[in-house]
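Residue numbers (the numbering used here), protein chains in the order written: chain A, 1 to 345; chain B, 1001 to 1345; chain C, 2001 to 2345.
By construction, the Cβ of each residue, glycine as well, lies at the ideal position given by its N, Cα and C atoms.
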Amino acid sequence: MKVTLEAVARAIDGTVVGDGSVEITGVAGIREAREGELTFLANPRYEPYLELTQASAVIVSENHRNIGKPLIENPNPYLAFLKAVRLFAGEKERPRPGVHASAVVAPGVSVPPDAYVGPHAVLEPGARLGSRAVVHAGCYIGGNAVLGDEVLLYPRVTVREECVLGDRVIVHSGTVIGSDGFGFVRDGDVYRKLPQVGNVEIGDDVEIGANVTIDRATTGTTRVGAGSKIDNLVQIAHNVQIGRNCIIVAQVGISGSTVLGDHVVLAGQVGIVGHIEIGDGASVGAQSGVSKSVKPGERMFGHPARPLREAKRIEASIRNLPELIQTVRALKRRVEELEGLQEPR
Amino acid sequence: MKVTLEAVARAIDGTVVGDGSVEITGVAGIREAREGELTFLANPRYEPYLELTQASAVIVSENHRNIGKPLIENPNPYLAFLKAVRLFAGEKERPRPGVHASAVVAPGVSVPPDAYVGPHAVLEPGARLGSRAVVHAGCYIGGNAVLGDEVLLYPRVTVREECVLGDRVIVHSGTVIGSDGFGFVRDGDVYRKLPQVGNVEIGDDVEIGANVTIDRATTGTTRVGAGSKIDNLVQIAHNVQIGRNCIIVAQVGISGSTVLGDHVVLAGQVGIVGHIEIGDGASVGAQSGVSKSVKPGERMFGHPARPLREAKRIEASIRNLPELIQTVRALKRRVEELEGLQEPR
Amino acid sequence: MKVTLEAVARAIDGTVVGDGSVEITGVAGIREAREGELTFLANPRYEPYLELTQASAVIVSENHRNIGKPLIENPNPYLAFLKAVRLFAGEKERPRPGVHASAVVAPGVSVPPDAYVGPHAVLEPGARLGSRAVVHAGCYIGGNAVLGDEVLLYPRVTVREECVLGDRVIVHSGTVIGSDGFGFVRDGDVYRKLPQVGNVEIGDDVEIGANVTIDRATTGTTRVGAGSKIDNLVQIAHNVQIGRNCIIVAQVGISGSTVLGDHVVLAGQVGIVGHIEIGDGASVGAQSGVSKSVKPGERMFGHPARPLREAKRIEASIRNLPELIQTVRALKRRVEELEGLQEPR
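Here you go:
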């Protein structure tokens, strides 16, 4: 599909600034976009990418400075971009409401008429589905689990008994919510299981990636706050409390009972020990290991994680270590020489 | 639910020492417990937490010293605690025995009358189930696989053909037992698959978390010893041999043919190379990378993993590295000065 | 099963050099083989293992030097070994073609007569299966997804809509292909989802382990090149491009839009940031963190990853750091002494 920028602007209620005859072949994020594609700028933090993006045109809010590329102006660039996505990719089809004949819905469970339950899905006794919920093929919803309105579960998600998902929660395939926490007590030579009788609660507008594991609390509740986004293969242990609007990138592991504030960002493969607190707005760089509580707003990095500035200074020191060793060796020789000069006395 | 400590003590066959009128609202582990909750102390290694726990009361063995909190005495605190868990959380319902109509059980497979096979579970030809086994919805049991007595598989577990699970093994959702080992041989420019014709054997009383992967052996058997406990998202490669009563925390990876002794503890996100041995009772700190065999009882830490004391000394040195560089620079200047003083001669 | 080497040689069209009466009990790779087993040498890079292998006999190409063990000569040792595997392990049974009655195949989807679709598998509208494809129990094939000839999906694999798998692709249980990329834009205090409208394409002869996650592109295609092999629990983010014949070991994470050349090797638990390039033939050591592009053929190691030689020199420096600190302290004392000697002047 190829359309002129002018035509795109009309379709998304925007105004072209610059050459409207440019041909647009698709849409993409500002970092991923290639020539021929249209992108957008909604967050001032991404301004620097305006100079770097390979996109052929950018949707911006009104009265934007000239960047040497055609623009589409619209007061809400993100919503305008969503319209452009639909223009090029088409609306993703929502499955038609209804319960597939092969789904197993326990007696007494009522599925709202506008919800969808796919082939081979299982709803155990007491499970509850919100309005317009979508439960794709092969999902398992345990006893008394609650899914909010417009929840979207991709194929083969497991939600164990008593767990609660808020409105508009999205969960990708293979993810397990409510598995038993890893709780054992040593009894002589063997380990005895500590029953895990709590649950998991996921706030509104949370998105959870594929093959994630979120353990139920030993007692009480493991919690993910509203608006937080969790990438693939993340591990969240029992009794962890995650605040609102956090970003947890792929393969992060958070140990038991640790508390994250709001707006925390954990980059990929970070590990966090149990029983600590990560303050509001703190961020942790990729692969770091956090073993102590982190203050609000602090940026941490490394093994063990340290404040970013300190981590960078240490990292630079390490890089220069072989040179330092040479310097010390040379110094030693020079001191020996100086000592030799004194010897005669 | 709120009951007096006195009432709890009666229900679990214990004796109150101290104020029996305290109101108890729930139960929890000694580190997780909050005010109002009851916990227990079974293992002397957890004694230090007695001073720190926020629990309102503690189940202890008899004749325990005063800790300034009401106690319940019982000769077996763990079993007494389990009773308390049931008092507050209720017994987890065991599914009623039987095979769900939507399960696909191959001809010739006989399910014991006291076992449960859930909706959409699949039992391939030759699969065998022990007495009181529970196979939840969507599990797949491959050809000739064997599940012991009282095995408990949560929804959507895969056990591939020929694998063997001992008695009372618990496996959480999404876990795959018996996937092909990662075995290829290079043939010019391409890799050719090495058929993986071995299996996996899991000992009695093992518990395996969610979305774990345990590969079948190239030939022979990948083995997890009795009583070992494996957390979520762990990777165990082909031909690995894990001893008894090991603790493997989330996101650990163990490479091919490595051998773990008994009572080994691997903290979260540890990586272990292939073809080495980790001795009995050894432990490895979180995120460490182990590239050489580890002696029994040794405590290892770091990248690469070193004995804990050495790792700590090196870690301290690194922390002081920026200061060391300053010291060396200052020394250099002083030596230059001293050399200058000698120059005239 | 026990047979003489002579009998094995006859069965696999080889010639014994040395004692043909040795009894062979099984087959294994050159590193895993134990006494009584037969192994093979196809790749000269594995020559060093010839001295170390515990195998009782080795299949080699013709005119091989004496290694003090009986040999079977055959011009293609790998193919001869595959025959030996079948001799000992039997041919793995291919399921009989057909669609299981419990599978849900959307109207209009045609399954080739020589393909297999297992119990509770789901094929959504527009899905296409190649000749002799095997889709095991509980797999989900999304709308318009395409599976090539002889594709083999183990139980409970998810292939989301529009994704394409080449010929002879093997995917192990629990893996998710085509989950949404982790794409959000910040809008004030909250994150808004960036629709992920691209797909995933997997080249011919790729093998993908268990519980792997491969995200669909934001727009365009996430790609895994022909012949590449991916181990368990690997994360491949949106818009990643992986070349041909790469080896990606367990628990590796590759961030968005990163490009790997051909023949790249990433060892276990490696993390790679987004938007960089890893050149042809480059390799990265276990647990390393790669934050910058890597030149073709370069061998990288560490946190942050550096060229191997440099990483080793730094690692050695760190090991000697406590000693260096002693040296500097002693030097300081000696300089002070020298300065004292000068004082009188």
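Taking the alpha carbon of residue i as the reference point, which residue from the options has its own alpha carbon closest?
| i | options | result |
| --- | --- | --- |
| residue 1268(B) | 1281(B), 1135(B), 1230(B) and 1039(B) | 1230(B) |
| residue 2207(C) | 2232(C), 2055(C), 2295(C) and 2194(C) | 2232(C) |
| residue 82(A) | 195(A), 221(A) and 41(A) | 41(A) |
| residue 2093(C) | 2152(C), 2139(C), 2312(C) and 2021(C) | 2152(C) |
| residue 2240(C) | 2184(C), 2065(C) and 2180(C) | 2180(C) |
| residue 1291(B) | 1297(B), 1298(B), 1280(B) and 1306(B) | 1306(B) |
| residue 72(A) | 20(A), 32(A) and 50(A) | 20(A) |
| residue 1100(B) | 1298(B), 1121(B), 1090(B) and 1113(B) | 1121(B) |
| residue 2052(C) | 2129(C), 2062(C), 2032(C) and 2036(C) | 2032(C) |
| residue 2126(C) | 2163(C), 2196(C), 2258(C) and 2284(C) | 2163(C) |
| residue 2250(C) | 1037(B), 1182(B) and 1193(B) | 1182(B) |
| residue 1143(B) | 1178(B), 1333(B) and 1074(B) | 1178(B) |
| residue 161(A) | 97(A), 18(A) and 128(A) | 128(A) |
| residue 44(A) | 35(A), 34(A), 61(A) and 36(A) | 61(A) |
| residue 1193(B) | 2159(C), 2245(C) and 2342(C) | 2245(C) |
| residue 1074(B) | 1195(B), 1050(B) and 1016(B) | 1016(B) |
| residue 97(A) | 48(A), 150(A) and 226(A) | 150(A) |
Buried or exposed for residue i, going by 16 or more other Cβ atoms inside 10 Å?
| i | result |
| --- | --- |
| residue 2001(C) | exposed |
| residue 2337(C) | exposed |
| residue 2110(C) | exposed |
| residue 1228(B) | buried |
| residue 2077(C) | buried |
| residue 108(A) | exposed |
| residue 2211(C) | buried |
| residue 1063(B) | exposed |
| residue 1282(B) | buried |
| residue 1323(B) | exposed |
| residue 2330(C) | exposed |
| residue 2023(C) | exposed |
| residue 166(A) | buried |
| residue 1345(B) | Only weak support exists for where residue 1345(B) lies, its pLDDT of 48 falling under 50; the value from the coordinates is given anyway. So residue 1345(B) ends up on the exposed side. |
| residue 65(A) | exposed |
Check whether the Cβ atoms of residue i and residue j lie closer than 8 Å to each other.
| i | j | result |
| --- | --- | --- |
| residue 2273(C) | residue 137(A) | no |
| residue 2106(C) | residue 2123(C) | yes |
| residue 243(A) | residue 271(A) | no |
| residue 1070(B) | residue 1057(B) | yes |
| residue 1115(B) | residue 1102(B) | no |
| residue 1200(B) | residue 1213(B) | no |
| residue 275(A) | residue 289(A) | no |
| residue 2140(C) | residue 156(A) | yes |
| residue 14(A) | residue 59(A) | yes |
| residue 2318(C) | residue 1325(B) | no |
| residue 2234(C) | residue 2256(C) | no |
| residue 997(B) | residue 1117(B) | Here chain B comprises residues numbered 1001 to 1345, so residue 997(B) is not present and cannot be evaluated. |
| residue 1079(B) | residue 1055(B) | no |
| residue 328(A) | residue 1328(B) | yes |
| residue 261(A) | residue 248(A) | no |
| residue 197(A) | residue 1089(B) | yes |
| residue 1301(B) | residue 1316(B) | no |
| residue 2203(C) | residue 2176(C) | no |
| residue 266(A) | residue 284(A) | yes |
| residue 1226(B) | residue 1205(B) | yes |
Margin query: Runs of 3 residues minimum, wholly inside the region 1183-1252 of chain B: which ones carry the beta strand (DSSP E) assignment?
Written below: 1184-1187, 1190-1193, 1199-1202, 1213-1215 and 1221-1224
Check: Quick check: the region 17-34 of chain A against the region 2212-2224 of chain C, are there 3 or more CB pairs under 8 Å?
Finding: yes
Note to self: Contact between the region 2164-2179 of chain C and the region 2187-2195 of chain C is defined here as three or more beta-carbon pairs at a separation below 8 Å; is this criterion met?
What the structure shows: The way I'd put it, the region 2164-2179 of chain C doesn't touch the region 2187-2195 of chain C; fewer than three beta-carbon pairs between them come closer than 8 Å.
Next item on the list: Enumerate, from N- to C-terminal direction, the unbroken beta strand (DSSP E) stretches of 3 or more residues contained entirely within the region 1014-1072 of chain B.
Entry: 1015-1017, 1037-1040 and 1057-1060
Notebook entry, point to check: Where are the beta strand (DSSP E) runs, 3 residues long or more, that stay fully inside the region 1276-1315 of chain B, in chain order?
Noted result: 1299-1301
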